[in-house]
Amino acid sequence: MKLHYRTQGDGEPVIIIHGLFGDGLNWGGVSRILKDHFRLILPDMRNHGRSPHNNDIRYTTMAADIAALMDDLNLPKAHIVGHSMGGKIAMTFALQHPERVSSLTVVDIAPKRYPIRHRDVFAGLLAVVEAKPQTRQDAEAILQEHIQTTDVRTFILKNLERTDQGFQWRINWQALYGHYEDLADFPVESGKYTGPTQFLVGELSDYVSKEDQPTITGLFPNAKGRIVGGTGHWLHAEKPELVAEWIRKFILAV
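When the letters of the sequence shown are read in order and numbered with UniProt numbering, they come out as residues 1 to 254.
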């Protein structure tokens, strides 16, 4: 599958992989800083943004999409950064293609299976489809019945676009919902990536815990962890300058 992508800046290539319900523009605050130092490649993963839709959302398949993108761009290696779902894609890619990863930055996710989340988001997505809203304000009002957090609601609404048939979701929410078990899982239980690795974790997030450390170091023996104080799961949006600086310094030290 050929992914839609954007590029910014010049220098060593850095691929930033977004999380669930996102797209390549999600890291705007961080990329505005990093583009002065690196060549950024910002893909929309399958079923997200402007990339094609497909019911196969296994992490091994999405890691293969990254490999294909690098082939198209003639990149033998790149620094890989991934958040949440994108972090799982990044880890899978590093374990399957360690020779193509200059460094790995994983943002607020662990290599493990998670319980089912996002039921409220999927309920809101379906409610908007069924209601056929005439305005974005109507769509937000419908979403608010399911998603109380304003920032999350605003983030989801970025996927809403007007078409000749009315407002529709750009993401392939049916595939994401129908195959959510694949997103909750982490398929790689063997292999190692021994290159430079850092895990950035939100202090207030519950996605990564001390109990995950043995699994992390088993797969990524050179991993180092950093806690981003006062942030939750969306630490790159909450403190973009700090996250960008830590990624910049980490890559330059490789």
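We put the beta carbon where it would ideally sit given N, CA and C, even for glycine.
Return yes when the Cβ of residue j is within less than 8 Å of the Cβ of residue i, no when it is not.
i	j	result
residue 182	residue 58	yes
residue 203	residue 229	yes
residue 95	residue 207	no
residue 196	residue 172	no
residue 72	residue 39	no
residue 127	residue 146	yes
residue 214	residue 167	no
residue 235	residue 108	yes
residue 227	residue 184	no
Using alpha carbons as the reference points, say which of the options lies closest to residue i.
i	options	result
residue 232	152, 215, 170 and 190	152
residue 82	76, 110 and 90	90
residue 2	67, 9 and 36	67
residue 124	115, 156, 216 and 101	156
residue 186	71, 114 and 53	114
residue 178	235, 167 and 119	119
residue 85	73, 79 and 62	62
residue 169	136, 195, 184 and 42	136
residue 17	77, 197, 37 and 65	65
residue 209	146, 244 and 110	110
residue 250	191, 121, 205 and 14	14
residue 148	121, 246 and 74	121
residue 5	36, 217, 42 and 180	42
residue 112	75, 244, 88 and 60	88
residue 180	56, 77, 7 and 28	56
residue 199	252, 191 and 212	212
residue 161	191, 150 and 129	129
residue 191	163, 77 and 216	216
Three-state secondary structure (DSSP) at residue i?
i	result
residue 161	strand
residue 119	helix
residue 169	strand
residue 75	coil
residue 5	strand
residue 226	strand
residue 220	coil
residue 98	helix
residue 82	strand
residue 231	coil
residue 134	coil
residue 196	coil
residue 113	coil
residue 52	coil
residue 327	With the chain represented from 1 up to 254, any question about residue 327 goes unanswered, as that position is not in the structure.
residue 149	coil
residue 20	coil
residue 43	strand
residue 156	helix
Just checking my contact of residue i with residue j at CB under 8 Å: how many whole Å lie between their CB atoms?
i	j	result
residue 201	residue 103	Not confirmed; about 17 Å, so no contact.
residue 12	residue 79	6 Å
residue 92	residue 188	6 Å
residue 176	residue 26	With a Cβ gap of about 16 Å, residue 176 and residue 26 do not count as contacting.
residue 248	residue 37	6 Å
### Task
Tell me, please, whether the region 25-34 touches the region 235-245 by the rule of three or more beta-carbon pairs shorter than 8 Å.
They touch, by the three-pair rule.
### Task
Would you be able to state if there are at least three C-beta pairs under 8 Å between the region 138-149 and the region 4-24?
The region 4-24 makes no contact with the region 138-149, as fewer than three CB pairs between them are under 8 Å.
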